[in-house]
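Undergrad:
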Amino acid sequence: MPLFDQSHRLVGMLHVPALPGTPAHSMDITAIVDHVVSEAQTLIAAGFNALLLENMHDAPYLKGQVGPEIVASMTTVARAVRAETTLPLGIQILAAANREALAVAKAAGLQFLRAEGFVFGHVADEGYIDACAGELLRYRKLIGAEDVQVFCDLKKKHSSHAVTADVSLAETAQAAEFFQADGVIVTGTATGAPADPADLDEVKAATKLPLLVGSGITPESVAEALEVADGVIVGSSIKQDGHWANPIDLDAAKRVVEAVGT
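Okay, so the sequence shown: first residue is 0 according to numbering that gives the first Met the number 0, each after it adds one.
#1: Taking contact to mean at least 3 C-beta pairs separated by less than 8 Å, is the stretch 8-18 in contact with the stretch 36-53?
#2: Using the beta-carbon count (16 or more within 10 Å), is ARG81 buried or exposed?
#3: Taking only the alpha-carbon atoms, compute the straight-line gap between LYS238 and ALA244 and give it to the nearest angstrom.
#4: Enumerate in chain order the residues of its own chain whose CB-to-CB distance from ALA228 is below 7 Å, with the five nearest sequence positions on each side excluded.
#5: On the DSSP bridge assignment, give the partners of GLY63 in chain order.
#6: Assuming ALA172 and THR217 make a contact with CB atoms under 8 Å, what is their CB distance in whole Å?
#7: How about the stretch 74-93 and the stretch 127-144: do they share at least three Cβ pairs that are nearer than 8 Å?
#8: With distances taken between CB atoms, is the gap from GLY66 to GLY116 smaller than 8 Å?
#9: Mapping the DSSP letters down to three states, classify ASP195 as helix, strand or coil.
#10: As a quick exercise: from PRO193, THR186, LYS154, pick the residue whose alpha carbon is nearest that of ALA174.
#11: Have a look at ALA161, VAL185, SER159, LYS156 and flag the residue whose alpha-carbon is nearest the alpha-carbon of ALA169.
#12: Considering only the alpha carbon of each residue, which of GLU223, VAL118, HIS157 lies closest to GLU176?
#13: Residues bridged to HIS121 by DSSP?
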């Protein structure tokens, strides 16, 4: 069943405050949960119809795995948000901690996972991120989480793709489809940077998989993006002063919704 249709295509980012053990950690888990639930309620009130949890405040990120304290904390947060809404709810755990994110999704009843490094490999801030599709989907089968859809980034932002310079974006999308991804995500070069419309057209023509735009969505660009994409993930433009690390701005979130007319 398609996860993102006409009634569920605006995905609002919930950036979880820094979790235990990370350099910026300062809030206890109860305060973290209350903060994320409050922001989820704000996005729902604004009219967003899907949500995505991410531990972006945990920088600098570990590569390809996180400790049990992060898994436990993200599960606690995810279950609290899940209790607030039946909207599609997803998770990403940075950096490329895809197995851990899948385990959280299974435990908390989430619908989707945003996965880094699903096919091919790239050099990220954290170092070399290797492909994980075979391992990840076997793990999904092992824990009985086949109902959790995997949406994978293609030539992800904040990364160098020189090692795959001879592999086009279209070929990357086709590889993701062949390796049984449930959907693909196209971004700009960095958080808040818009995706190239030509990239969206290239991926849309190359695969039948649902396509999400993963960065740079604003009230001015969202309608045009949704003419091609099946959904958009919105973060920076719905925050105070347009910066991802700030609290969600209800009025800014409403402007994105109003621009779509949803």
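Where a beta carbon is used, it is the ideal one built from N, C-alpha and C, also for glycine.
TA: The short version:
#1: yes
#2: Locating residue 81 in the sequence shown gives position 82, where the first residue counts as 1. Buried.
#3: Within the sequence shown, residue 238 is the residue found at index 239, counting from 1. Within the sequence shown, residue 244 is the residue found at index 245, counting from 1. Cα-Cα distance, rounded: 8 Å.
#4: On the sequence shown, position 229 is the one that residue 228 refers to. The answer, listed in chain order, is LEU199, LEU210, LEU211, VAL212.
#5: The residue you call residue 63 lines up with position 64 of the sequence shown. According to DSSP, GLY63 bridges with nothing at all.
#6: One-based indexing of the sequence shown puts residue 172 at position 173. One-based indexing of the sequence shown puts residue 217 at position 218. Contact flag wrong, Cβ pair sits at about 24 Å.
#7: no
#8: Numbered from 1 along the sequence shown, position 67 holds the residue referred to as residue 66. Numbered from 1 along the sequence shown, position 117 holds the residue referred to as residue 116. Going by C-beta atoms, GLY66 is not nearer than 8 Å to GLY116.
#9: As a first step, residue 195 is located in the sequence shown; it is residue number 196 there, counting from the start. Coil, per DSSP.
#10: Stepping through the sequence shown from its first residue, residue 174 is reached at position 175. With distances taken between Cα atoms, ALA174 lies closest to LYS154.
#11: Along the sequence shown, one-based indexing puts residue 169 at 170. Closest by alpha carbon: VAL185.
#12: Reading the sequence shown from its first residue, position 177 is the one you call residue 176. It is VAL118 whose Cα lies nearest to the Cα of GLU176.
#13: In the sequence shown, counting from the first residue as 1, residue 121 sits at position 122. DSSP, once it has assigned bridges, lists ILE128 as partnering HIS121.
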